[in-house]
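Engineer: For the protein sequence lines, the chains are E and D, in the order given. Counting from 6, one number per residue, gives the positions in the first sequence under this note's numbering. Counting from 6, one number per residue, gives the positions in the second sequence under this note's numbering. Even for Gly, the Cβ is constructed at its ideal location relative to N, Cα and C.
Protein chains: 2
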Amino acid sequence: MTTRTKTNRTIWLKESDKKVVQIIDQRFLPHQVVIKDLKNVDEVVVAIRDMQVRGAPLIGVAAGFGMYLASLHLSCGNCSLQMQEAGKHLKDARPTAVNLAHVVDRVLSAVSKLNNPDDIQKTTFQMAQDILNEDVQICKQIGEHGLHLIEDLSKKKNGEAVNVLTHCNAGWLACVEWGTATSPIYHALEQGIKVHVWVDETRPRRQGAHLTAWELGERGVPHTLISDNSSGYLMTRGLVDLVLVGTDRTTVTGDVANKIGTYMVALAAKDNQVPFYVSAPSSSIDWNMTDGFREIPIEKRSENEVKEIQGWCDGTFKKVKVAPERTPALNYAFDVTPRALVTGIITERGIAEARKESLLKLFPEKRGSI
Amino acid sequence: MTTRTKTNRTIWLKESDKKVVQIIDQRFLPHQVVIKDLKNVDEVVVAIRDMQVRGAPLIGVAAGFGMYLASLHLSCGNCSLQMQEAGKHLKDARPTAVNLAHVVDRVLSAVSKLNNPDDIQKTTFQMAQDILNEDVQICKQIGEHGLHLIEDLSKKKNGEAVNVLTHCNAGWLACVEWGTATSPIYHALEQGIKVHVWVDETRPRRQGAHLTAWELGERGVPHTLISDNSSGYLMTRGLVDLVLVGTDRTTVTGDVANKIGTYMVALAAKDNQVPFYVSAPSSSIDWNMTDGFREIPIEKRSENEVKEIQGWCDGTFKKVKVAPERTPALNYAFDVTPRALVTGIITERGIAEARKESLLKLFPEKRGSI
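(1) Does the region 259-272 of chain D come within contact of the region 163-183 of chain D, defined as at least 3 CB pairs closer than 8 Å?
(2) Does Ala271(D) get closer than 7 Å to chain E when you measure Cβ to Cβ?
(3) Kindly indicate which three-state DSSP category Gly316(D) falls into: helix, strand or coil?
(4) For Ser76(D), which residues of its own chain have a beta-carbon under 6 Å away from its beta-carbon, when the five flanking residues on both sides are left out?
(5) Looking at Val226(E): is its Cβ nearer than 7 Å to the Cβ of Val248(E)?
(6) To test your reading of the DSSP string, which unbroken alpha helix (DSSP H) runs of 4 or more residues are found completely within the region 91-123 of chain D?
(7) Excluding the 5 residues preceding and the 5 following Gly355(D) in the sequence, name in chain order all residues of the same chain whose CB lies nearer than 7 Å to its CB.
(8) With Ala52(E) as the anchor, note down where its alpha helix (DSSP H) starts and where it stops.
(9) Suppose only complete runs of 4+ residues qualify. What are the alpha helix (DSSP H) ranges in the region 120-186 of chain E, listed by chain order?
(10) Residues of chain D with a CB under 9 Å from the CB of His228(E): which are they?
(11) Within the continuous beta strand (DSSP E) that includes Asp253(E), where are the two ends?
(12) State yes or no: is the beta carbon of Thr7(E) nearer than 7 Å to at least one beta carbon in chain D?
(13) Could you tell me if Asn120(D) is buried or exposed, where buried requires 16 or more neighbouring beta carbons within 10 angstroms of its beta carbon?
(14) For the candidate residues Val50(E), Val250(E), Tyr238(E), Ser235(E), whose alpha-carbon lies nearest to that of Ala106(E)?
(15) Quick one: does Ala68(D) have its CB under 7 Å from some CB of chain E?
(16) What is the DSSP secondary structure of Ala357(D), reduced to helix, strand or coil?
(17) So, does the CB of Arg299(D) fall closer than 7 Å to a CB anywhere in chain E?
(18) Along the region 251-278 of chain E, what residues have a CB closer than 7 Å to any CB found in chain D?
(19) Would you mind reading off the limits of the alpha helix (DSSP H) that contains Thr207(D)?
(20) Report the partner residues of Trp17(D) according to the DSSP bridge assignment.
(21) Any beta carbon of chain D sitting closer than 7 Å to that of Arg208(E)?
(22) Please classify Cys144(D): is it buried, with 16 or more other beta-carbons within 10 angstroms of its beta-carbon, or exposed?
(23) Roughly how many angstroms lie between the CA atoms of Thr255(D) and Gln142(D), to the nearest whole one?
(24) CA-CA distance, Thr258(E) and Asn277(D)?
(25) Can you confirm whether the region 154-161 of chain E touches the region 193-208 of chain E when touching is taken to mean that 3 or more C-beta pairs between the two stretches lie within less than 8 Å?
(26) Counting along the chain, where does the beta strand (DSSP E) carrying Thr241(E) start and finish?
(27) Once DSSP output is grouped into helix, strand and coil, what is the label at Met6(E)?
(28) According to DSSP, is Ser284(D) helix, strand or coil?
(29) Could you give the distance in angstroms between the alpha-carbon of Gly213(E) and the alpha-carbon of Thr321(E)?
(30) Comparing the C-beta of Asp246(D) with each C-beta of chain E, is any distance below 7 Å?
(31) For Ala276(D), which three-state DSSP category applies?
(32) Skipping 5 residues on each side, what residues in its chain have a beta carbon closer than 6 Å to that of Ala68(D)?
(33) Could you confirm whether any beta carbon from chain E is found closer than 7 Å to the beta carbon of Ser232(D)?
(34) By Cβ distance, which residues of its chain are closer than 7 Å to Thr7(D), with the 5 residues on each side in sequence left out?
(35) So, with DSSP's three-state summary, where would you put Phe298(D)?
(36) For Thr101(D), count neighbouring C-beta atoms within 10 Å of its own C-beta (all shown protein chains included) and say buried if the count is 16 or more, exposed if not.
Here is the structure:
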């Protein structure tokens, strides 16, 4: 993939000094592209905590690099203990991020029997690269499977642009290179298939407007920003051919937790016979959960995200108040789209229907764990 | 009705000088309550054009007062011609506002045979008052009919607060005193019935956050602001008992054009068996239209409403950019909710089902006009 900026990834090792990790500091998007050096695990912790990097897959990859940076600065004494402390530090940066904890535990398990700092460094270096490459590979595979959906629609439309609608940001900015929901779009683009993307603004944090619009623009994908209220109307007018969204957690039965508002998009898609697909790497599938509505905990976030909006004004960020001072706001961050509204789930191994047997057919090794 | 501010209306004649009209200049809400004097028809034109007053009913009432102010400043010569020019001036302030044109034509017709400035003044004064009082009366009647819905829900919940969800602003700020969608809520409040209102922010212009939240707060109605994406999720959690919205135009067959996003709220209401009611004064019903989806024209507004947000910062308004510069946006202002999703239509004569025969039963005199 090529982008208009110099980087086509969200995180990488600095070309001139492999002991430094570089990231796009996403807090400044879409108004400024700030590349930031991270030189030690503490700086990775801050980057995760302050949302310089965000998106579950990217946070996991950043944690891998955090463990590598920690290994570069081991002092004399108990290396294993120092690595454990670094891991705890990273986990505490975002306690609800399940895959961050998985990455940390995976690295800790690999270095647990090593005592030599050099060995630990070599191992963590390799693991950080592996974790990054796995993400790239999984997103690529999701894109290859999802590409067929867009190809088919393109044929049906005799090559006219396929209109894809997406909600929030499940793009390369949330991962390393391809994204999940966006990967089929980027793959279609590489195949020369005409695509146009409707980008839901995604209130309250506006990840669609800030991040998805920016990353699509960087890669030259035709796109149009809309208010979240608009997606249903566009569907009634036949202006949406396909909905593609990501997921924070999907049950083995096909219930999909994703950014608040996804459920209403899915309702509109159903009402207008627009196919609704969820890009879900298998790491986001909860193989033990069968009732998303009852079992998936939904995070409430600060009311200030609803009552204040940060934007760009005279070359700097300004936060403006957009509601009466005394009005309270409620801010659930996610919702659950029931399986009945989901046309299919695009995984790295292929596309499944939103039901247990279909998902388990792609991941038979998970049968034992249920 | 009493409010926390000194006024409980959006427009009135100045107490100390009946030749001056006063309005709440709504551009400053919710951050400042600015009362503005309008001394001649030109100032009314500006008030309408610049959205100092907004909402179809209020614009109509303002036009009535505009004609009255015009009559105060007639110069020698052809009074009728001068009144016609004032009327044209008012109509041009908002060419798509059907009821503004109706009000102007109604006043012009009444003064067409008068030549004496005094007679014209008396007539326009009386008509402006009549038009204002009609709005108050119609909104009051809508409230009395809609009140029963809230009463019934309150009984079912053993007096626990009835949770009403509303979209955009169809409140007293859009009318004179009661509003349309809000009128049943204010009536319930006066009856001592516990009510809580979920206020949809209503992107892109954010009328829910700016206006509905403010006006409910002014009248002491418990309410909570939410992002538009949240309403569906709240319904899945049983947190919404009733949806009440206004309408810009409703067909005789029950299709409802209203602020963009209303359709998605209606879909979520249907999916969760939440009753979905539309407050529609008969003036907003189009007795000749049978297919809202095909026949109601939907206005596209500036993309800047999506890409920029105005808010309050350090005691003044600031406009901040909230999307990439190069990203285009599409901004349809309304959508159409099909009759199948509408539980009922609350008119000044009672509640009808969303179908022709039921509406005509309440307004039999309209049979002839179809």
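Structural biologist: So, from the listed chains and residues:
(1) Contact between the region 259-272 of chain D and the region 163-183 of chain D is present, because at least three Cβ pairs lie under 8 Å.
(2) It does not; no Cβ of chain E falls within 7 Å.
(3) Gly316(D): strand per DSSP, three-state reduction.
(4) For Ser76(D), same chain residues with a beta-carbon under 6 Å away, outside a window of 5 residues either side, are Ile125, Gln126, Thr129 in chain order.
(5) No, they are not a contact pair.
(6) 103-116, all fully within the region 91-123 of chain D.
(7) Taken in chain order, the residues that qualify are His150, Leu367.
(8) Looking at the DSSP string, the run of the alpha helix (DSSP H) that includes Ala52(E) is 46-54.
(9) Here the runs fully enclosed are 122-161.
(10) For the C-beta of His228(E), the chain D residues within less than 9 Å are, from N- to C-terminus, Thr332, Pro333.
(11) Run containing Asp253(E): none; DSSP gives neither H nor E here.
(12) Residue placement at Thr7(E) cannot be trusted, given a pLDDT of 49 that sits under 50; the coordinates are not used to answer.
(13) Label assigned to Asn120(D): exposed.
(14) By alpha-carbon distance to Ala106(E), the top candidate from Val50(E), Val250(E), Tyr238(E), Ser235(E) is Val50(E).
(15) For Ala68(D), the answer is no, since every Cβ of chain E falls outside 7 Å of its Cβ.
(16) The three-state reading of DSSP puts Ala357(D) in strand, counting E and B together.
(17) The beta carbon of Arg299(D) sits no closer than 7 Å to any beta carbon of chain E.
(18) Those residues of the region 251-278 of chain E that come within reach of chain D (Cβ to Cβ, closer than 7 Å) are Ile265, Gly266, Tyr268, Met269, Leu272, Ala273, Asp276.
(19) Premise fails: Thr207(D) is in no alpha helix (DSSP H) and is neither H nor E.
(20) As DSSP reads the structure, Trp17(D) sits in a beta bridge with Gln27(D).
(21) Cβ-Cβ to chain D under 7 Å: yes for Arg208(E).
(22) Buried: at least 16 other Cβ atoms inside 10 Å.
(23) If I take the Cα positions, the gap works out to 20 Å.
(24) Going from the Cα of Thr258(E) to the Cα of Asn277(D) covers about 21 Å.
(25) Cβ pair count under 8 Å is three or more, so yes.
(26) Boundaries around Thr241(E) are those of the alpha helix (DSSP H), 236-241, since no beta strand (DSSP E) includes it.
(27) Only weak support is given to the placement of Met6(E): the predicted model assigns it a pLDDT of 47, under 50, and the value that follows is read from those uncertain coordinates. Coil at Met6(E), not helix or strand.
(28) DSSP, reduced to helix, strand and coil, places Ser284(D) within a strand of the structure shown.
(29) Whole-angstrom Cα-Cα distance: 20 Å.
(30) Not an interface residue.
(31) It should be noted that the sequence gives Asp, not Ala, for residue 276(D). In the three-state DSSP reduction, Asp276(D) falls in the helix class (H, G or I).
(32) Within the same chain, and ignoring the five residues on either side of Ala68(D) in sequence, the residues whose Cβ sits closer than 6 Å to its Cβ are Leu95, Leu105, Val108, Val109.
(33) When Cβ-Cβ separations below 7 Å define contact, Ser232(D) makes contact with chain E.
(34) Model confidence at Thr7(D) stands at a pLDDT of 49, short of 50, so the residue's coordinates are unreliable; what they give is reported in the following sentence. Apart from sequence neighbours up to five positions away, the residues of its chain that approach Thr7(D) with a beta-carbon distance below 7 Å are Asn13, ordered along the chain.
(35) Helix.
(36) Counting C-beta atoms within 10 angstroms of its own C-beta, Thr101(D) has fewer than 16 neighbours from the protein chains shown and is therefore classed as exposed.
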